[in-house]
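Chemist: Take this structure first; my questions come after.
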Amino acid sequence: MSARGKARRRALDILFEAELRGEDPLKILAERVERQEPPVNEYTSTLVEGVTRHLARIDELITTYSEGWTLERMPAVDRNLLRGGTYELLWMPDVPEGVVISEWVHLAGELSTDESPQFVNGLLARFKQLKPSLTL
């Protein structure tokens, strides 16, 4: 797994844990950075901080474009996969869009339900298509 792939995985772990514990993801991130077990990559911090900063807009987009699924009804891991992927896709223009989608879909395949990769792929691909028209 690439360094950025590991960073995405750790960012997902932090976002997921924060949601389950009902805590601020930045608090969980700070704990991980302080502990350094495992070491927190700068890219992990960038992803967690970005998702946290844009969470309201990210959740609004996911809610608007996920047909037949409310945010609350999605598995928690899928919700956080989509949050990370949406942030990276829409707010990090230096990362190739195809790589972003592929990496988050791969994580969905490893960590969630059998249907999750297709769901994550479909929604992120839709955001890629709509990106020029979305107000961020």
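First residue of the sequence shown: 1, per UniProt numbering; consecutive thereafter.
Note that CB positions come from ideal geometry on N, CA and C, so glycine has one too.
Every value quoted in this text rests on a predicted model; they were computed, and no experiment measured them.
Give every residue of the same chain whose Cβ lies closer than 7 Å to the Cβ of residue 95, excluding the five residues on either side of it in the sequence, and list them in chain order.
Modeler: So the qualifying residues of the chain are 88.
Chemist: Any idea what DSSP makes of residue 118, helix, strand or coil?
Modeler: The answer is helix: DSSP assigns residue 118 an H, G or I state.
Chemist: Tell me which residues share the same chain as residue 78 and place their Cβ nearer than 8 Å to its Cβ, disregarding the 5 neighbours each side in the sequence.
Modeler: Closer than 8 Å at the Cβ level, and outside the excluded window around residue 78, lie 108, 112, 113, 116, 119, 120.
Chemist: Helix or strand or just coil, what does DSSP make of residue 35?
Modeler: In this structure, residue 35 counts as helix in the three-state DSSP scheme.
Chemist: Quick check: the stretch 12-32 against the stretch 120-130, are at least 3 beta-carbon pairs closer than 8 Å?
Modeler: Flag = no, the stretch 120-130 and the stretch 12-32 do not touch.
Chemist: Going straight from the alpha carbon of residue 10 to that of residue 34, what length do you get?
Modeler: Whole-angstrom Cα-Cα distance: 15 Å.
Chemist: When the Cα atoms are used, what is the spatial distance from residue 43 to residue 68?
Modeler: Rounded to the nearest angstrom, the two C-alpha atoms are 32 Å apart.
Chemist: Pairing CB atoms from the stretch 97-107 with CB atoms from the stretch 57-66, are three or more of them under 8 Å?
Modeler: No, the stretch 97-107 does not touch the stretch 57-66.
Chemist: Using a Cβ-Cβ cutoff of less than 8 Å, which residues in the same chain neighbour residue 83 once the five nearest sequence positions on both sides are dropped?
Modeler: Excluding positions up to five away in sequence, the list reads 15, 51, 55, 58, 59, 62.
Chemist: My output table needs one value for residue 68: the three-state DSSP class, helix, strand or coil.
Modeler: Here residue 68 sits in coil by DSSP.
Chemist: By Cβ distance, which residues of its chain are closer than 8 Å to residue 91, with the 5 residues on each side in sequence left out?
Modeler: If we look at residue 91 and ignore the five residues flanking it on each side, its Cβ neighbours are 50, 54, 136.
Chemist: List the whole-angstrom C-beta distance separating residue 47 from residue 7, where the pair is believed to meet the contact cut-off of C-beta under 8 Å.
Modeler: Confirmed, Cβ separation roughly 7 Å.
Chemist: For the alpha helix (DSSP H) that contains residue 19, what are its first and last residues?
Modeler: Start and end: 3-21.
Chemist: May I have the straight-line CA-CA distance separating residue 134 from residue 12, to the nearest angstrom?
Modeler: Going from the Cα of residue 134 to the Cα of residue 12 covers about 24 Å.
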